[in-house]
Amino acid sequence: MQTSGESVASKLLGWYDRHARALPWRAPPGTPSPDPYRVWLAEVMLQQTTVAHAAPYYERFLERWPTVAALAAADEAEVMGAWAGLGYYSRARNLIACARAVAERGSFPEDEAELRALPGIGDYTAAAIAAIAFGRPAVAVDANVERVVARLFAIAAPLPGAKPAIRVATRTIAPIARHGDFAQAVMDLGATVCTIRNPSCGRCPLRADCAGYATGDPVAFPVKAAKKAKPLRRGRAYLVQKGGAVWLVRRPAKGMLGGMRALPDDGWSARGDGGRTPPSCGNWRSTGVVRHGFTHFDLELEVVVGSDCGDLDEGEWWPLERLGEAGLPTLFVKAARLVLDDAAAQREADRRDHDHDQAEVAPPVRRRQRAEAGAEDRDRQDDPVAPAEEGNGGRDRQQQRDQAEEDGKDVEHVSCLDRTPRQRKRGN
Ligand code: SF4
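Residue 25 is where the sequence shown starts when you use this note's numbering, and the numbers rise one by one after that.
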């Protein structure tokens, strides 16, 4: 099927004028271009993230750092904390570096090549900023655009090898004006009509031009190369609580999740499993495993809870009731939830068992025990994050450990004589 560049662009722009998505970083069709800071911020956040997920982060960033100069002057740890949950943390580090580079030169460059020279700005983001913020004739090809164009031209070569052909094909349908609107129109068509699994060809403005539609199986495009299986890594995260606080560390500035607050772990990485060495001597009990997918590998993270721990290495006690403000990466939020939700459920089960037991004893005894239980409950309320075992019939810790071992639970005793090399060096 033949496509006409002129006709495709005008049909698409006409459709965009009627159906453009209203997004906080957008200027409506046909109006002056939006602030390049807003375009850049949104495009960086939207890499690998959905619009619905990124939008609240975008609003919060703009409220806190309304200009690129404000972001350039921001504390790096604060920016990393505000980014937590968006993933791909190297982007947050590049965001700060880019803001500082732009603030130093005074403004964003308009030229695609100069934009590409800034930290964290690749081909797509440079083209998107040039087209949307500066009206330059740049062709921005993201996953949505790839899909629309591969279908429109029925490009049979598999991705990622087909990328250059898709770029060339996109250029042939680009208009001679309204470059920003065109870029956003193709993105919107891909996001709302030409979707991954169920394209709505019946309401598509390009149906008459679409070679993929003509094949009867547009979903076959873009053709994807067979995926390589991702390696599986295994590691441990350690959770230690004290007086309503949890021990958090700051990860090294460089590397995975660099500079973020986190639970201590055993050194797992993309290249290998963790060493299973806890952060101090003490008693360590496995509570379960959380799974997390990174770009290049999958991780099974065993969450291990410590008690009677010795001195911990560098870190801070962070209040449990403010854990949501710590800026933990999603992986460690999952790990902390595994333990804390489990503890809350255990407390609730204990409370129910206790109420049930009280209903079955004789009235005079029940009254006396209710009074005692009330005192116990009041104690527990004073410590809203008390570990489950603290409300478990008054057994001491040693009894609980013995019972756990009898039950076949994995309790690991790490003597202070078996301290980690770093701790031995520190003489702890
Ligand atoms: S006709 Fe269907 S496959 Fe072709 S661009 Fe439109 S929605 Fe996509």
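Glycine included, every Cβ here is placed at the ideal spot set by N, Cα and C.
All of these numbers come straight from a predicted model, not from anything done at the bench.
### From W107, A97 and T73, residue whose alpha carbon lies closest to that of R84
W107
#### Entry: Segments assigned alpha helix (DSSP H), at least 4 residues, entirely inside the segment 69-140
75-88, 92-96, 100-107, 113-129 and 136-140
#### Entry: Limits of the unbroken alpha helix (DSSP H) element including D212
H203 to T216
### Task
Compute the minimum distance between the beta carbon of G483 and the heavy atoms of the ligand SF4, and state whether it is under 7 Å.
Residue coverage of the chain in this structure runs from 25 to 452, which leaves residue 483 outside it and unanswerable.
### Message
For R227 and A181, I'd like the C-alpha separation in whole angstroms.
### Response
27 Å
### Message
Tell me whether the segment 236-248 and the segment 332-349 touch, counting them as touching only if at least three CB pairs, one residue from each stretch, are closer than 8 Å.
### Response
no
### Query
Just curious, the beta strand (DSSP E) that R309 is in, first and last residue?
G306 to G317
### Query
Are L139 and A127 touching if we call contact CB-CB under 8 Å?
no
### Query
Per DSSP, what kind of secondary structure is L183 in: helix, strand or coil?
strand
### Message
Would the segment 108-118 count as touching the segment 87-95 if we require 3 or more Cβ pairs under 8 Å?
### Response
no
### Task
Assign S224 to one of three DSSP states: helix, strand, or coil.
coil
### Task
Indicate, with yes or no, if the ligand SF4 has a heavy atom lying under 7 Å from the CB of V172.
yes
### Query
DSSP state of V357, grouped into three classes?
helix
### Task
Tell me whether L36 counts as near the ligand SF4, meaning its Cβ is closer than 7 Å to at least one heavy atom of that ligand.
no
### Query
Does DSSP put V32 in a helix, a strand or coil?
helix
### Message
Considering only heavy atoms of the ligand SF4, does any lie closer than 7 Å to the CB of V169?
### Response
no
### Query
Beta-carbon of G38 versus every beta-carbon of chain B: anything under 8 Å?
Absent here is chain B; the protein component of the structure consists of one chain.
#### Entry: C-alpha gap between A350 and E102, whole angstroms
10 Å
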